[in-house]
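Structure record follows, encoded as structure tokens.
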Amino acid sequence: MGGMIKALGAAIFYARFARPFSRLGFKRRVGDAGLQADFSGQRWLVTGATGGIGRAIALGAAARGATVLAFARDARKLAALESEARGPGKVVPVAVDLSLMHDIRRAAAQVAGEGAIDVLVHNVGVMCHEFARTAEGVEQGLATNLLGHWVLDGALREGGALTAGSAIISMSSGGMYGAALDLAVLEAADAGTHDGFLAYAQHKRAQVALTHYWNRQGPGAPRAWVMHPGWVDTDGVRTALPGFRKLFRALLRNAGEGADTALWLAATRPATGEGIWLDRHRDDEHAFGFTRQGAADEALVAWLEQRALGAAGRRG
Ligand SMILES: NC(=O)c1ccc[n+]([C@@H]2O[C@H](COP(=O)([O-])OP(=O)(O)OC[C@H]3O[C@@H](n4cnc5c(N)ncnc54)[C@H](OP(=O)(O)O)[C@@H]3O)[C@@H](O)[C@H]2O)c1
425 MGGMIKALGA
435 AIFYARFARP
445 FSRLGFKRRV
455 GDAGLQADFS
465 GQRWLVTGAT
475 GGIGRAIALG
485 AAARGATVLA
495 FARDARKLAA
505 LESEARGPGK
515 VVPVAVDLSL
525 MHDIRRAAAQ
535 VAGEGAIDVL
545 VHNVGVMCHE
555 FARTAEGVEQ
565 GLATNLLGHW
575 VLDGALREGG
585 ALTAGSAIIS
595 MSSGGMYGAA
605 LDLAVLEAAD
615 AGTHDGFLAY
625 AQHKRAQVAL
635 THYWNRQGPG
645 APRAWVMHPG
655 WVDTDGVRTA
665 LPGFRKLFRA
675 LLRNAGEGAD
685 TALWLAATRP
695 ATGEGIWLDR
705 HRDDEHAFGF
715 TRQGAADEAL
725 VAWLEQRALG
735 AAGRRG
């Protein structure tokens with residue numbers, strides 16, 4: 425019975441979103457519009473910058489004049505990205521494990537000491553089907569997709585690198601449309617209760633809640649937007665969703681199409697931070713009524729603060 429309900433839910437989801445999330449959706453809403461933007465003199469920080477969508481954002485921003493601090497783990501991929509960047513801007517590699525809070529704090533302190541960030545893109549995200557904990561005791565997906573974003577953001581604010589002029593763009597996923605924010609599902613206690621797909625949807629829903637929370641921090645705080653890229657053919661999809669990729673391959677977007685709205689948001693900075701952005705348009709963050717019943721943004725923030733403290737304690 426449970427399996428049937430899940431299958432029905434998936435069928436409703438795909439029927440509703442296959443067109444707008446595919447490359448047909450990009451073609452319809454953005455098409456050949458191009459993006460005339462000049463990011464000269466701006467300092468960007470892009471997480472998960474060596475692969476898929478993050479890589480396209482980093483290269484797109486550098487090509488329009490930005491200096492892009494590229495955060496990712498693999499030094500070889502970072503060096504390749506640096507040499508591939510075409511000016512007038514450039515890519516500056518920063519090797520960091522974004523699932524480890526102490527490493528995030530180290531890297532944030534390093535870059536905050538060197539000046540303000542104009543655009544911060546919380547792009548890193550992974551779908552972890554296997555349950556594993558980091559050395560700090562945090563479930564790997566939660567650490568990478570959400571807790572790390574919260575800790576990076578906080579460390580940059582504390583270091584004075586995020587100011588009223590900064591823009592924060594979070595890369596959520598259309599998967600969040602199927603989830604009401606439920607703090608109990610953000611992190612499973614063990615492998616038996618872990619469902620990587622559901623946890624990912626929760627992390628992505630939580631990114632929307634965090635964005636709204638950040639936008640309520642008043643004057644002097646940076647402004648934030650949350651977006652999703654549609655369905656993009658990346659290593660992440662190849663690894664985590666091989667069946668989905670096989671089924672929809674002909675309809676998947678390329679990384680540049682997935683990255684487009686992040687660059688557009690940074691260039692246009694729309695007046696409202698409400699909703700979720702796709703293909704340069706603001707959509708409602710709820711497609712189904714039940715997702716409106718989720719936990720409050722403030723409850724999420726309190727939960728993240730506690731969880732970050734726990735991770736720090738574990739390391740010590
Ligand atoms: N692709 C899609 O269809 C799709 C749809 C909806 C939402 N999204 C979201 O878009 C974002 C990018 O997805 P993608 O498909 O482009 O991902 P991807 O191809 O898997 O690339 C992931 C990037 O993140 C880095 N990374 C992973 N774990 C890391 C860690 N612990 N520390 C530092 N860097 C790490 C990887 O570099 P290293 O391994 O070298 O560190 C790589 O640069 C994610 O948030 C994803 O949830 C994607």
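Counting in the numbering used here, the sequence shown runs from 425 upward without gaps.
We put the beta carbon where it would ideally sit given N, CA and C, even for glycine.
Item	Value
Those residues which DSSP pairs with Ser594 across a bridge	His546, Val650
Val548 beta carbon less than 8 angstroms from that of Thr568	yes
Three-state secondary structure assigned by DSSP to Leu676	coil
Any C-beta of chain B under 8 angstroms from that of Ala482	Going by chain labels, chain B is absent from the structure shown, which holds only one protein chain.
Any 3 or more C-beta pairs closer than 8 angstroms across the segment 509-524 and the segment 480-495	yes
Spatial distance of Ala623 from Leu566 (CA atoms)	8 angstroms
Buried versus exposed, by CB contacts within 10 Å (16 or more), Gly740	The predicted model places Gly740 with a pLDDT of 39, which falls under 50 and marks its position as unreliable; any figure quoted below should be read in that light. Its Cβ having fewer than 16 others within 10 Å, Gly740 is exposed.
Cβ-based burial, Phe441 [other Cβ within 10 Å; buried from 16]	buried
Meets three-Cβ-pair contact criterion under 8 angstroms: the segment 594-604 and the segment 623-634	yes
Residue range of the unbroken alpha helix (DSSP H) whose run includes Ile481	476-487
beta-carbon Gly652 near ligand 1 non-hydrogen atom, thresh 7 angstroms	It should be noted that the sequence gives His, not Gly, for residue 652. For ligand 1, at least one heavy atom lies less than 7 angstroms from the Cβ of His652.
Cβ separation of Gly484 and Leu687, assumed to be a contact under 8 angstroms, to the nearest whole Å	5 angstroms
Beta-carbon spacing of Ala690, Val656 below 8 angstroms	no
Pick from Asp707, Gly734, Gly584 that is closest to Gln534, judged by C-alpha positions	Gly584
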